[in-house]
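In our numbering, the protein residues as written are 2 to 738.
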């Protein structure tokens with residue numbers, strides 16, 4: 002999908018071949034020679050990073066820019082806030098696409114999966130590399146649907162900064178809170194972009210207040226909108242006291258003017274901007290001592306004389322310290338205010354060297370990288386996304402996987418560009434690379450140059466510790482923090498069209514599991530069926546669809562099941578062996594055990610299993626069901642039927658909020674009652690309502706509902722045991738053979 006590769010010359014240097022590769026496995030080779038004209042390669046993309054103009058002096062500087070000029074960022078938000086559209090505009094204005102992609106048209110760069118284009122949502126995170134005003138930006142567009150929260154988690158793990166996109170008419174929504182908490186966990190500096198300022202009901206003030214109240218963050222207003230909803234036409238730059246107006250006759254948003262605010266022409270706007278700038282200066286001064294000294298000293302008489310550069314530097318420090326969040330606004334769909342957002346990304350978000358990674362001191366410049374995502378390509382095999390923290394990554398080199406305790410060879414090194422990739426000779430610290438050839442590496446694995454390098458780093462770490470620790474602990478401390486995999490809440494059986502296709506299905510599921518760690522596959526020991534466990538209905542639906550499209554397999558899914566759990570309500574004791582099954586989170590006390598000569602470990606294990614099962618049968622049992630936190634955004638005219646429907650689903654409404662002309666119903670509902678809810682909600686609200694689900698907790702079912710469930714399952718339910726409280730099982734083992 003690359004549209005054009007501009008050929009350029011480098012004086013007195015030999016240029017290597019540049020390979021443009023796409024996910025289908027085809028490869029186009031272009032020799033870089035000074036005399037050849039442009040080479041057209043397809044529809045979508047324009048030029049490669051840095052190939053336009055005279056700023057770039059060599060191919061090496063294109064691929065490996067100074068680390069201070071690198072920005073690794075993610076775009077995160079609630080579903081439908083406009084992440085992918087914002088990403089499309091960023092690619093267009095940075096010169097990397099020739100046309101504006103549209104989610105509704107299904108021609109966006111980062112949503113390249115068929116399922117994404119059909120549904121208009123982001124399912125897999127996509128990485129894109131581009132340049133903006135001398136900066137290298139590695140950008141990852143992440144999903145907003147709760148079923149794909151893991152995609153956000155594993156990408157945030159390797160990013161240095163993030164852009165939180167909010168719908169200006171809705172403010173902070175349910176999934177916004179989720180991704181914000183994830184960014185908090187990894188201590189990632191953020192800026193907020195209030196998108197859809199052109200939308201009916203858009204409110205800059207409301208959105209800012211929601212940031213303050215719901216996210217508990219301190220918003221730094223760097224811009225003010227000029228108009229809202231249908232009257233939105235530009236933004237005010239508070240820092241520089243300028244107005245940015247977009248030409249209404251411009252189709253692509255490239256044509257805009259930046260003018261200083263003057264008393265003569267814009268008295269009201271100037272007054273509002275000066276007041277906002279003073280408030281911004283005072284707010285930053287309260288958060289940054291160095292800036293406070295500057296303001297209270299040299300500029301105490303007149304804040305208006307404070308240079309914009311001094312204020313921008315202080316905002317950068319405050320953003321990195323996570324004490325406040327810069328806020329900008331615009332409309333990605335209407336092509337307004339994306340260029341200032343790009344400027345803010347390079348100005349306020351950190352470079353890799355501004356992030357504090359303690360483990361880097363142990364490696365002394367040796368390779369240290371983290372594998373954070375795996376894709377499977379039919380022609381090239383596993384493609385592993387890797388964040389390089391130190392050292393250099395090169396193709397045809399061997400690396401050591403600390404987690405797997407194995408050595409693998411990188412056959413090729415690629416620069417990620419959505420579903421297109423550029424082959425490169427090396428990549429240095431601070432960058433994100435795509436590697437080919439790593440057969441055993443999985444998400445969360447730490448990669449180093451060699452086993453001896455890992456041991457040397459462990460020794461350095463040991464010498465810096467005050468207390469002596471075992472060698473195994475040293476190696477553990479060298480492992481970069483991986484990704485926490487949430488437990489699945491839905492499961493269903495999957496069967497191929499014939500037994501002959503079972504090996505093909507097993508292979509497909511193995512590949513998909515490596516790509517998506519939140520997908521669990523297990524074999525039911527009783528029925529012999531393959532069971533899929535996932536994060537939601539949509540998650541399993543996408544997996545089923547991918548098996549058909551990507552692997553050419555017709556499969557049949559059994560009915561969706563809820564991952565119930567059981568617990569015990571009282572303690573019990575028993576002796577004698579019975580057939581057992583595994584349990585979890587139950588404290589067992591062993592009072593006696595007699596073992597005669599010749600007793601095997603297998604027999605002991607069988608005895609323990611049977612004894613525990615007998616004790617569990619004697620104890621009072623309780624089924625726990627997953628309880629979901631639910632938010633339904635619905636026009637007020639349809640509020641009553643939504644509430645009535647939730648009441649029938651054993652829903653518990655906590656509160657009803659007002660959001661412009663909509664109502665937001667917040668409450669809890671059992672997961673078992675929410676299957677097929679999207680279809681019902683569409684029907685009773687004429688397609689005008691949306692909802693978000695998130696696992697809240699497990700709660701005990703009431704006796705009537707539990708009896709109903711048990712009768713439906715006909716006594717064949719197979720569940721995990723998780724106690725509401727911790728009980729002790731007193732087990733006496735006494736046997737002889």
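Idealized CB from N, CA, C, for every residue including glycine.
Status (buried if at least 16 other CB within 10 Å, exposed otherwise) for residue i
{"i": "residue 72", "result": "buried"}
{"i": "residue 595", "result": "exposed"}
{"i": "residue 659", "result": "exposed"}
{"i": "residue 242", "result": "buried"}
{"i": "residue 601", "result": "exposed"}
{"i": "residue 390", "result": "buried"}
{"i": "residue 500", "result": "exposed"}
{"i": "residue 387", "result": "buried"}
{"i": "residue 56", "result": "Low local confidence applies: a pLDDT of 33 at residue 56 is under 50, so the model's placement there is unreliable, and no value is given."}
{"i": "residue 746", "result": "This structure gives no information on residue 746, because the portion of the chain shown stretches from 2 to 738."}
{"i": "residue 645", "result": "exposed"}
{"i": "residue 109", "result": "Unreliable placement is indicated for residue 109, whose pLDDT of 47 sits below 50; no coordinate value is reported for it."}
{"i": "residue 626", "result": "buried"}
{"i": "residue 301", "result": "exposed"}
{"i": "residue 136", "result": "buried"}
{"i": "residue 1", "result": "The question about residue 1 has no answer, for the chain in this structure spans 2 to 738."}
{"i": "residue 364", "result": "buried"}
{"i": "residue 684", "result": "exposed"}
{"i": "residue 615", "result": "buried"}
Through-space distance from residue j to residue i, alpha-carbon basis
{"i": "residue 296", "j": "residue 92", "result": "38 Å"}
{"i": "residue 669", "j": "residue 676", "result": "14 Å"}
{"i": "residue 304", "j": "residue 279", "result": "7 Å"}
{"i": "residue 629", "j": "residue 694", "result": "6 Å"}
{"i": "residue 739", "j": "residue 368", "result": "Limits of the chain in this structure are 2 at one end and 738 at the other, which puts residue 739 out of reach."}
{"i": "residue 689", "j": "residue 229", "result": "22 Å"}
{"i": "residue 318", "j": "residue 697", "result": "36 Å"}
{"i": "residue 463", "j": "residue 366", "result": "18 Å"}
{"i": "residue 550", "j": "residue 506", "result": "13 Å"}
{"i": "residue 529", "j": "residue 495", "result": "11 Å"}
{"i": "residue 461", "j": "residue 415", "result": "32 Å"}
{"i": "residue 634", "j": "residue 198", "result": "19 Å"}
{"i": "residue 283", "j": "residue 307", "result": "12 Å"}
{"i": "residue 430", "j": "residue 70", "result": "12 Å"}
{"i": "residue 679", "j": "residue 312", "result": "48 Å"}
{"i": "residue 611", "j": "residue 702", "result": "27 Å"}
{"i": "residue 691", "j": "residue 666", "result": "11 Å"}
CB contact flag (residue i, residue j, <8 Å)
{"i": "residue 333", "j": "residue 172", "result": "no"}
{"i": "residue 246", "j": "residue 233", "result": "no"}
{"i": "residue 196", "j": "residue 240", "result": "no"}
{"i": "residue 409", "j": "residue 403", "result": "no"}
{"i": "residue 437", "j": "residue 454", "result": "no"}
{"i": "residue 371", "j": "residue 138", "result": "no"}
{"i": "residue 444", "j": "residue 373", "result": "yes"}
{"i": "residue 129", "j": "residue 221", "result": "no"}
{"i": "residue 293", "j": "residue 286", "result": "yes"}
{"i": "residue 556", "j": "residue 489", "result": "no"}
{"i": "residue 188", "j": "residue 361", "result": "no"}
{"i": "residue 516", "j": "residue 377", "result": "yes"}
{"i": "residue 76", "j": "residue 86", "result": "no"}
{"i": "residue 74", "j": "residue 218", "result": "no"}
{"i": "residue 342", "j": "residue 321", "result": "no"}
{"i": "residue 190", "j": "residue 67", "result": "no"}
In DSSP terms, what residue i is bridged to
{"i": "residue 325", "result": "Bridge partners of residue 325: none, in fact."}
{"i": "residue 1", "result": "A question about residue 1 goes unanswered here, because the residues of the chain that appear run from 2 up to 738."}
{"i": "residue 650", "result": "Note: residue 650 sits in no beta bridge, so no partner."}
{"i": "residue 658", "result": "665"}
{"i": "residue 73", "result": "139"}
{"i": "residue 128", "result": "141"}
{"i": "residue 196", "result": "168"}
{"i": "residue 629", "result": "670, 696"}
{"i": "residue 402", "result": "407, 448"}
{"i": "residue 259", "result": "245"}
{"i": "residue 293", "result": "Its beta-bridge partners do not exist; DSSP assigns none."}
{"i": "residue 133", "result": "136"}
{"i": "residue 436", "result": "385, 414"}
{"i": "residue 635", "result": "664"}
- Query: Counting only runs that start and end within the stretch 327-396, where is the beta strand (DSSP E) found for 3 or more residues in a row?
  - Reply: 369-378, 382-391
- Could you give the uninterrupted runs of the alpha helix (DSSP H) lying entirely in the stretch 495-563, keeping only those of 4 residues or more? Fully enclosed alpha helix (DSSP H) runs of no fewer than 4 residues occupy 503-516, 538-552 of the stretch 495-563, in order along the chain.
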